[in-house]
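In what follows, a single structure is set out as C-alpha cells and then discussed.
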Amino acid sequence: MQIEVVKSKIHRVKCTGADLNYIGSITIDEDLMDAANIIRGEKVQIVNNNNGERLETYAIPGPRASGEITLNGAAARKVTTGDVLILITYARMDIEAAKSFNPSLVFPNEANNLLN
Numbered sequence: 000m001q002i003e004v005v006k007s008k009i010h011r012v013k014c015t016g017a018d019l020n021y022i023g024s025i026t027i028d029e030d031l032m033d034a035a036n037i038i039r040g041e042k043v044q045i046v047n048n049n050n051g052e053r054l055e056t057y058a059i060p061g062p063r064a065s066g067e068i069t070l071n072g073a074a075a076r077k078v079t080t081g082d083v084l085i086l087i088t089y090a091r092m093d094i095e096a097a098k099s100f101n102p103s104l105v106f107p108n109e110a111n112n113l114l115n
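Numbering (numbering that gives the first Met the number 0), first residue to last: 0 to 115.
Below, the structure written as C-alpha cells:
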C-alpha cells in the first residue's frame, strides 16, 4: 500500500505579488525551493492563512535571495499582496518508508521571506 505524506513545507511566507496576466504557477525564491527540496514544475498546495483559500499549482523558480512569492494566472485572484501563505508538497510512498521519512520543513524570516 502507498500513502501520500508531506514532502516539503515552506511555513508562513508573505505573498509578494499576484500577476493575473501570467500563464500560471507560483514563483518562489529559488533559495526557498532548494531549502524545501521543491523542484521546478512540482505541484504545490498553497494555503492562505488570511482568507482560508486552498489551491494547487506548480512551482517556478524566482530570483535567489529575493524573497519572492508571487501567485500567477487565475491563482492571483485567491491572494492579496501581504497574505501569509503556507506552501506544501506531497509524495507517495510505501507505508513503511513513510514511517521513517522526514519532510523538508522551512521556516523563513516572516518579515522578508528570506532564510535566516
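Beta carbons: idealized from backbone N, C-alpha and C, even for Gly.
Counting along the chain, L70 sits inside the beta strand (DSSP E) bounded by residues I68 to N71. Using a Cβ-Cβ distance cut-off of 8 Å, the region 7-27 and the region 65-85 are in contact, since at least three pairs of beta carbons, one from each stretch, lie closer than that value. Under the three-state reduction of DSSP output, R91 falls in the strand class. Within the region 9-36, the runs of alpha helix (DSSP H) that reach at least 4 residues and sit entirely inside it are, in chain order, 29-35.
For I2, the closest of E67, S99, M92 and K98 by C-alpha to C-alpha distance is M92.
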